[in-house]
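**Student:** Read in order, the letters of the sequence shown are residues 19 to 232 in this note's numbering. Here a beta-carbon is modelled for each residue, glycine too, at the ideal position from N, C-alpha and C.
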Amino acid sequence: MKVMMFFIDGLGLGDDDPDRNPLMTAAMPAFRSLLGGRPLWRGAVPFRGADVAAVPTDACLGVPGLPQSATGQTTIFTGRNGAQAIGRHLNAYPTPSLKAILNEHSIFKRVVERGLSATFLNAFRPEFFAWVAAGQPQHPDRRYRPSASTVAALAAGLQVFRDFDQLRRGEAVGFDIDHHLLRELGYDLDPVDPAEAGRRAARVAAQHHFTLYE
Numbered sequence: 019m020k021v022m023m024f025f026i027d028g029l030g031l032g033d034d035d036p037d038r039n040p041l042m043t044a045a046m047p048a049f050r051s052l053l054g055g056r057p058l059w060r061g062a063v064p065f066r067g068a069d070v071a072a073v074p075t076d077a078c079l080g081v082p083g084l085p086q087s088a089t090g091q092t093t094i095f096t097g098r099n100g101a102q103a104i105g106r107h108l109n110a111y112p113t114p115s116l117k118a119i120l121n122e123h124s125i126f127k128r129v130v131e132r133g134l135s136a137t138f139l140n141a142f143r144p145e146f147f148a149w150v151a152a153g154q155p156q157h158p159d160r161r162y163r164p165s166a167s168t169v170a171a172l173a174a175g176l177q178v179f180r181d182f183d184q185l186r187r188g189e190a191v192g193f194d195i196d197h198h199l200l201r202e203l204g205y206d207l208d209p210v211d212p213a214e215a216g217r218r219a220a221r222v223a224a225q226h227h228f229t230l231y232e
């Protein structure tokens with residue numbers, strides 16, 4: 019069995035209000051065909067079809083407050099309730115307590131330990147691999163601290179990551195899909211049509227038991 023997780027941080031199921039929920043009017047033919055022609059909103063789920071099961075989940079995780087990235091992602095990538103573990107919702111980057119959960123229970127690690135293959139479909143920049151080679155020093159700029167997904171993948175080893183050489187060969191996908199942001203940042207990459215990026219993702223996912231793209 020092959021599993022591909024396509025994760026978009028912060029995207030939830032909104033209301034039937036085009037002014038507040040862009041998914042009500044967005045051209046999403048694949049999703050709509052799977053959902054019987056309906057847009058992706060809270061009223062469309064739960065839904066079961068011949069080829070799809072759409073199940074809503076509560077990002078609050080039983081903890082009062084506004085759901086946040088670090089605790090939510092820790093929960094998604096480990097199956098352990100990150101918000102309950104630290105008693106609150108935490109945004110941005112995982113604390114040492116959350117990192118400990120990620121290092122022990124990471125889905126990447128568990129897949130690899132079972133002798134199966136896992137990969138992070140995103141192409142990581144050369145600076146990331148230099149940071150790992152330097153011993154993962156703490157960077158003064160918070161933007162360069164590893165996210166929960168990166169910590170989860172690191173728990174399985176560097177072999178699950180993909181680099182820009184693989185991106186250029188069509189064996190990875192950029193975080194911006196079509197490379198427009200990466201090109202603005204100065205990286206020497208050709209533009210990629212989103213449909214082609216999707217085909218590349220499908221090819222990679224077919225070669226691994228677990229694939230993550232975010």
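Among V73, M22, A68, whose alpha-carbon lies nearest the alpha-carbon of A62?
**Tutor:** Of V73, M22, A68, the residue nearest in Cα terms is V73.
**Student:** Output the distance between the C-alpha atoms of F24 and L230, rounded to the nearest integer angstrom.
**Tutor:** Cα-Cα distance, rounded: 6 angstroms.
**Student:** Might you give, ordered along the chain, the residues of its own chain that have their beta carbon closer than 7 angstroms to the beta carbon of T43, omitting 5 neighbours on each side?
**Tutor:** For T43, where only same-chain residues beyond five positions count, the Cβ hits under 7 angstroms are P36.
**Student:** Could you tell me which whole beta strand (DSSP E) segments of length 3 or greater appear in the stretch 110 to 154?
**Tutor:** Complete beta strand (DSSP E) runs here, min 3: 136 to 138.
**Student:** First and last residue of the alpha helix (DSSP H) that includes F24?
**Tutor:** Taken as a continuous stretch (DSSP letters only), F24 belongs to no alpha helix (DSSP H), being part of the beta strand (DSSP E) at 21 to 24.
**Student:** Here's a check: name, in chain order, each residue in its chain whose Cβ is nearer than 6 angstroms to the Cβ of R143, leaving out the five neighbours to either side.
**Tutor:** None.
**Student:** Along the chain, where does the beta strand (DSSP E) containing L230 start, and where does it finish?
**Tutor:** Taken as a continuous stretch (DSSP letters only), the beta strand (DSSP E) holding L230 covers 228 to 231.
**Student:** Thinking C-beta only, is A171 closer than 7 angstroms to V191?
**Tutor:** Taking 7 angstroms as the Cβ cut-off, V191 and A171 do not qualify as a contacting pair.
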